[in-house]
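Asker: For reference, each letter of the sequence shown is one residue, going 5 to 430 in the numbering used here.
Just so you know, even glycine gets a beta-carbon here, dropped at the ideal spot from N, CA and C.
This is the structure I want to talk about, given as C-alpha cells.
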Amino acid sequence: MTEANLAAAGAAPPAKRSFAALRHRDFQAQFTTYVLSMMADNIEHVISYWVVFQKFHSPALGGFAIVSHWLPFLLFSVASGALADRFDPRRVIQAGMGLFILASLSWSYFFVTGSLQMWQAMLILVIHGCAGVLWQTPNQMLLYDIVGPADLESAVRLNAMARYLGVLVGPAVGGAILLWLGPAHGIMLNTVFYLPLILWLIKAPYGPRFRTGTVPPRRAVRGLADIVHTARDIKPHVVIVSMTLLAGAASLFVGNAYSSQMPSFANDLGHGDPGVSYSMLLAADAAGGLLAGLVLEGGGLLPPRPRTAILLALSWCAALIVFSLSHSYGLALLFLFAAGFLELSFNAMAQTLVQLNAPTDMRGRVIGLFNMASLGLRAFSGISVGLVGSAIGIHWSLAMSALAAMAVAGALLVLPARAATSSKAR
C-alpha cells in the first residue's frame, strides 16, 4: 500500500513482525544513541536541580525550570521542523546536542567557581530547553528515513520506550555520578553521553539528499508564522487534525504535571514510608510505559487507527481518575501502572498516524505542530493540576483535568465520521 493510500485510509497496515524496527541496523544505532542522550538529559536534571535547590531554595526557580523546559516546544517546535524540512535534520539534531553540552559545561564552570547566580541558572535552563526542541522533532523525521513507512509504527513505539528508559535510568546514574564525582565533575562527565549521537550522525546516510523520488521545493523558514500556515495546511487532513488535538488536550489538561505532585499523593495515601511510596508510584507509571512498548511490539497488537488511539486516550483518562480518587495504595499503584501503559500506547499511535499521513513537502512542520501540542502545551498543565489543586486539592484537580481531556477525546470520536459524511455529501 502506498503512502497516499495510507493517508486516504487514515491507518497503517498492522506490523507483522515483533520489534520490526530493530531489524534495521541503523535504527539500532539510533535507538542506542537516543537512550544515552535521554539518559544524559535526565542526569543533568538530577545534578543541576540538586545544586540549584541547595543554593537558592527557591520554589519560583523550580517552577521556572518546568516552564523553560516545555515552553520552547510550544514556541519553536514548528520552526524546528521547518529547519529540518529545509536543511539536514542530522545537523539540526547535532546543534541540539551541542546546546546540551554547552549547558552541562556551563553548569560545571559555575559549580567549580561557586559563582552561580539566579539569572545565570535561568539562562542555562533556557539553553537546555532550546536544545530539547532542536532534538526531538528532527529525530522523529529521521525515524521515517531510517525504517520507512512499513516499520514506522515500531520505530515510534521503540523510540517512546527509549524515552521511558532514559527517564528511568537517568536519575539512578545521575545520583551515582553525583556521589562519586560531585556535581562539578559529574556534570562535566555527563557531556560524554551526548557524543555518540553526534558522531553517528556525521555520516549516517539519511536526510534530504539521500531520499529517492521527486525532491519537494524548499520552503522558507518563517518562524512563528509557520505555526499559522501549518495549522491552515493540515485542515483537509482529518487524521492529522484529530491526532494533534488529542495529544494537545492530553498535554494541556494533564501532561506530566501529576508527576511533580506525586509526593503529595504518596503522603495522602499513607502507606509506609512516604519516600518509598513516592518512588514506587513513579516507578509504576514508568514501568507501565515500558511494558506497553514490550507487549505491543512483541505481540504486534493494536495497529494504528485514529479510533483506537482515541479509545486508548479515553482509557488513560479513566485510569488517572481512578488513581486520583483512590484511597487504597494498592489500587493507586495498579491504575498508575495502567496509566503509564495507556499513555505510551495512545501517544505512540497518534504520532505514528501523524507521520504516516503528513505530506512529504511539509513533514517536519506537521511533526513540529504535533510536538507543539503534545509537548509544548505541558507548560500549562501545571495550572490545571497544580494551581487548581492548591485551591481544591490535587486529587480533585487531577480528576477534573483528566475529565476535561476525556471530554475532548470523546468529541474527537465523531470528528472522522462527520468529516467522511460531509465528504460524501459533496
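Go ahead and pull the three-state DSSP assignment for Ile105.
Answerer: In this structure, Ile105 counts as helix in the three-state DSSP scheme.
Asker: Between which residues of its own chain and Arg369 is the CB-CB distance below 7 Å, once the five residues before and five after are set aside?
Answerer: Cβ neighbours of Arg369 beyond the five flanking positions: Val82, Gly85, Ala86, Asp89, Asp230, Thr234.
Asker: Going residue by residue through the stretch 361-385, where are the continuous alpha helix (DSSP H) segments of at least 4 residues, counting only ones entirely within it?
Answerer: Listed in chain order, the complete alpha helix (DSSP H) runs (minimum 4 residues) inside the stretch 361-385 are 367-378.
Asker: Straight-line CA distance for Ile325 to Lys207?
Answerer: If I take the Cα positions, the gap works out to 47 Å.
Asker: Put Ile387 into one of helix, strand or coil per three-state DSSP.
Answerer: Helix at Ile387.
Asker: When you compare the CB of Phe104 with every CB in chain D, is at least one pair closer than 7 Å?
Answerer: Of the chains in the structure shown, none is chain D; there is only one protein chain.
Asker: So, is Ala413 buried or exposed, given that buried needs 16 or more other C-beta atoms within 10 angstroms?
Answerer: The residue is buried, with at least 16 neighbouring Cβ atoms inside 10 Å.
Asker: Kindly indicate which three-state DSSP category Arg90 falls into: helix, strand or coil?
Answerer: In this structure, Arg90 counts as helix in the three-state DSSP scheme.
Asker: Is DSSP giving Ser119 helix, strand or coil here?
Answerer: Residue state, collapsed to three classes: coil.
Asker: For Asn163, count the other beta carbons within 10 Å of its own beta carbon; 16 or more makes it buried, fewer makes it exposed. Which is it?
Answerer: Asn163 should be labelled buried.
Asker: Check His189 in the structure and name its three-state DSSP category.
Answerer: If DSSP states are grouped into helix, strand and coil, His189 belongs with the helices.
Asker: Give the straight-line distance between the Cα atoms of Asp45 and Pro142, rounded to the nearest whole angstrom.
Answerer: Taking the straight line joining both Cα atoms gives about 17 Å.
Asker: Cα separation between Phe384 and Trp74?
Answerer: Approximately 9 Å between the Cα atoms of the pair.
Asker: Out of Ala409, Leu348, Val50, Asn351, point me to the one whose CA is closest to Leu183's CA.
Answerer: Comparing Cα-Cα distances from Leu183 to each of Ala409, Leu348, Val50, Asn351, the minimum goes to Val50.
Asker: Can you tell me whether Asp289 is helix, strand or coil according to DSSP?
Answerer: Helix at Asp289.
Asker: On the criterion of 16 or more Cβ atoms from any shown chain inside 10 Å, does Met5 qualify as buried, or is it exposed?
Answerer: No answer about Met5 holds up, because its pLDDT of 40 lies below 50 and its placement is not dependable.
Asker: What does a CB cutoff of less than 8 Å around Ser255 pick up in its chain, not counting 5 residues either side in sequence?
Answerer: Ala377, Ser378, Leu379, Gly380, Leu381, Arg382, Ser385, listed in sequence order.
Asker: Quick check on Gly303: buried or exposed, where buried means 16 or more other Cβ atoms within 10 Å of its Cβ?
Answerer: The residue is exposed, with fewer than 16 neighbouring Cβ atoms inside 10 Å.
Asker: Report the rounded CA-to-CA distance for His3 versus Pro240, giving the unit in angstroms.
Answerer: The displayed coordinates of the chain run from 5 to 430. Any statement about residue 3 would go beyond what the structure contains.
Asker: Just to confirm, are Tyr262 and Val389 a CB contact at a threshold of 7 Å?
Answerer: For Tyr262 and Val389, yes; Cβs fall inside 7 Å.
Asker: What's the C-alpha gap between Ser427 and Ser246?
Answerer: Note that Ser427 scores 42 on pLDDT, short of 50, meaning its location in the model is unreliable; the coordinates nonetheless yield the value given after this. Cα-Cα distance, rounded: 16 Å.
Asker: Beta-carbon separation of Phe31 and Ile105 under 7 Å?
Answerer: Going by C-beta atoms, Phe31 is not nearer than 7 Å to Ile105.
Asker: Counting only the same chain and skipping the five closest in sequence on each side, list residues whose C-beta sits under 6 Å from that of Tyr198.
Answerer: If we look at Tyr198 and ignore the five residues flanking it on each side, its Cβ neighbours are Ser41, Ala44, Met101, Phe104, Ile105.
Asker: Cα separation between Phe91 and Ile371?
Answerer: Phe91 and Ile371: Cα-Cα distance of roughly 15 Å.
Asker: Taking 8 Å as the threshold, find out whether the stretch 386-406 comes into contact with the stretch 315-334 through three or more Cβ pairs.
Answerer: Touching, yes, given that three or more Cβ pairs across the two stretches are closer than 8 Å.
Asker: From the DSSP output, in three-state form, read off Ile238 for me.
Answerer: Note: Ile238 maps to coil in three-state DSSP.
Asker: Roughly how many angstroms lie between the CA atoms of Leu10 and Leu360, to the nearest whole one?
Answerer: Confidence in Leu10 is poor, its pLDDT being 43 and thus under 50, which makes the residue's placement too unreliable to answer from.
Asker: Can you tell me the Cα-Cα spacing of Ala19 and Asp155, whole angstroms?
Answerer: Low per-residue confidence applies at Ala19: pLDDT is 42, beneath 50, and the placement is therefore not dependable enough to give any value.
Asker: CB Phe77 to CB Asn375, shorter than 7 Å?
Answerer: Yes, they are a contact pair.
Asker: Per DSSP, what kind of secondary structure is Arg21 in: helix, strand or coil?
Answerer: Coil.
Asker: Helix or strand or just coil, what does DSSP make of Tyr113?
Answerer: Tyr113: helix per DSSP, three-state reduction.
Asker: Kindly list the residues whose CB is nearer than 6 Å to the CB of Ser268, restricted to its own chain and excluding five residues on each side of it in sequence; keep chain order.
Answerer: Cβ within range, chain order: Ile398.
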